[in-house]
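So our numbering is basically just the index in the sequence shown, starting at one, shifted up by 1404.
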Amino acid sequence: MSRYDKPRFAHGLVSRRNMLKGSLASALTLPALSPTLASATEASEKDNIDLSHQWPFYGDHGQAGVTTPPQRHIMFMTFDMTTPTQQALQILLARWSAAIAQLVQGAAVGTVEPSRVGSVGTDTGEAVGLDPASLTVTIGMGPSLFTDTYGLAAKCPPHLRPLAALPSDNLQPELTGGALSLQACADDPQVAYHAIRVLARIAKSTGTAQTRWTVMGFGRASAGKGQETPRNLFGFKDGTRNLVEAAEFSQHVWIKDGPAWQQEGSYQVVRKIKMNIENWDTDRVSDQNQVFGRHKLSGAPLSGTHEFDPPDFHKHDSEGELVIPATAHIRLAAHENNQGVRILRRSYNYTDGLNPYGQLDAGLLFISYQNDPAHFETLQRKLGASDALNEYISHIGSGLFFVPPAAKEGSYIGAALFS
């Protein structure tokens, strides 16, 4: 039972389906669950969520929302500065940090209904009565901030530069770049939306920044430690070999050298990847398996039996052909085939409804964290050149941001940059 004494279910708020289930039971006779659906139900029970859970905003290491186990929903937004001064940037980061510290506790940011007649509320109110739902909000800083305009030219993180052009790019300018990024993740989509809405209002009301582009995602497409591996919109398990251990985060995600203001920070790469779902759905599943290099249902590599079997990239079939094709996604992305390069994936599915032709407009909001963006570029160059998946995807949005370490209580994200 939540702190509001309202009934909750393992996977979120009460749904229309749950509310209607009792009344429909007498009218409908449902077939028994198939073994496949039953096993999926059992698996989901291992991945239950606690909507009352909170992640702290303040800390001594990296920001929450990087190595935090992925929540089920995301609201991602980028901003451009409208007042290009150091003072404006500091005010915005300080105001955002103070607000996030409240939001992650499930608290309103100021008043929802002011006592003075005619006043405007500082909080929009749509999260009143909702639990914190493991909300995290992660702040990123783009390359355009590290200039003399903001007094930060001498403190530009060494690897923060525009990403090199990649073979799979079909980028739309309106979905590219940004001076700042906000990544709000929560197990309740309305909690994530509310957080970004409130923070965007703060930017607007202070006259410091305006929104640039945004994506609302659902159904996390990456797994954390102890979580069941989710599926992307192509129906395949996504994130089977993702980083999950603290030692892996230390080696591949967190910045460990350089000045103190960047230590325990990271680099955030964001890509909006459009999927050609209509064509994909007409392909044979056996061909889809060849594209990914895995079995669709079990997630096992084509060279193995179980999801977490290590892929055997040298195995051949009876006709001498590679069991995992040379163009398979898992072969090209594997750290064994990329000089040990690894990144932390924190991706989500998204949908934009229908395109002008009446086709499904959906895809993957790809987000990765690494201590050097060159690691992402290394992987993407190989994937972009020969990945069989390229026939079905197009990278239409992109951004690169430095993620400063967490703020200590009484301070704000990025404060050390200005000292």
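Cβ atoms here follow ideal geometry from the backbone N, Cα and C, with glycine treated the same way.
As the structure is a prediction and not an experimental result, all values here were calculated from the model.
Discussion item. What does DSSP give as the partner residue(s) for P1705 in the beta ladder?
Written reply: R1698
Fill in: Buried versus exposed call for G1744 [16 or more other C-beta atoms within 10 Å across all chains shown]
exposed
Worksheet item: Per DSSP, A1613 is paired with what?
Response: M1485
Worksheet entry | Own chain partners of I1681 with C-beta closer than 7 Å, once the 5 adjacent residues on each side are dropped | The beta carbon of I1681 is closer than 7 Å to those of L1637, L1764 and A1766 in its chain, skipping five residues each way along the sequence.
Item to complete: Could you work out which residue in L1793, Q1694, R1785 and S1802 is closest to L1570 when comparing CA atoms only?
Response: If we check each option's Cα against that of L1570, R1785 comes out closest.
Practice prompt. Just the C-alpha distance for A1511 and A1819, rounded to the nearest angstrom, thanks.
Written response: 24 Å
Practice prompt. Using three-state DSSP, classify L1748 as helix, strand or coil.
Written response: strand
Practice prompt. Just mark E1781 as buried or exposed, buried being the case when its beta carbon has 16 or more other beta carbons within 10 Å.
Written response: buried
Worksheet item: Does the Cβ of Y1754 have 16 or more other Cβ atoms within 10 Å, making it buried, or fewer, making it exposed?
Response: Of the other Cβ atoms in all chains shown, 16 or more fall within 10 Å of the Cβ of Y1754; this residue is therefore buried.
Worksheet entry | N1759 classed as buried or exposed, judged by whether at least 16 other C-beta atoms fall within 10 angstroms | By the 10 Å Cβ count, N1759 comes out exposed.
Fill in: DSSP bridge partner residues for D1573 (one or two, in chain order)
H1799
Practice prompt. Enumerate, from N- to C-terminal direction, the unbroken alpha helix (DSSP H) stretches of 4 or more residues contained entirely within the region 1657-1685.
Written response: 1681-1684
Worksheet item: How should K1812 be labelled, buried or exposed, when 16 other C-beta atoms within 10 angstroms of its C-beta is the threshold for buried?
Response: exposed
Worksheet item: Since S1707 contacts K1719 with CB under 8 Å, what's their CB separation in whole angstroms?
Response: 4 Å
Item to complete: Compare the Cα-Cα distances from T1528 to each of V1516, A1650, V1521 and D1535 and report the closest residue.
Response: Out of V1516, A1650, V1521 and D1535, V1516 has the C-alpha closest to the C-alpha of T1528.
Worksheet item: Can you tell me whether DSSP reads L1768 as helix, strand or coil?
Response: strand
Worksheet item: Roughly how many angstroms separate the alpha carbons of V1689 and Y1597, rounded to a whole number?
Response: 36 Å
Fill in: Where G1788 falls: helix, strand or coil (DSSP)
DSSP, reduced to helix, strand and coil, places G1788 within a helical segment of the structure shown.
Practice prompt. Decide if G1525 is buried, meaning its Cβ has at least 16 other Cβ atoms within 10 Å, or exposed.
Written response: exposed
Worksheet item: What span of residues does the beta strand (DSSP E) with Q1587 cover, start to end?
Response: L1584 to A1590
Discussion item. Going by DSSP, what residue range makes up the alpha helix (DSSP H) through I1734?
Written reply: H1733 to A1737
Practice prompt. Could you check which residue in S1670, P1663, W1665 and G1643 has the C-alpha nearest to that of Q1655?
Written response: Distance check between Q1655 and each of S1670, P1663, W1665 and G1643 places S1670 closest, using alpha-carbon atoms only.
Worksheet item: Just how far apart, CA to CA, sit E1652 and S1523?
Response: 50 Å
Fill in: T1618 in three-state terms, based on DSSP
strand
Worksheet item: For F1805, which of helix, strand or coil comes out of DSSP?
Response: Of the three classes helix, strand and coil, the one that applies to F1805 here is strand, per DSSP.
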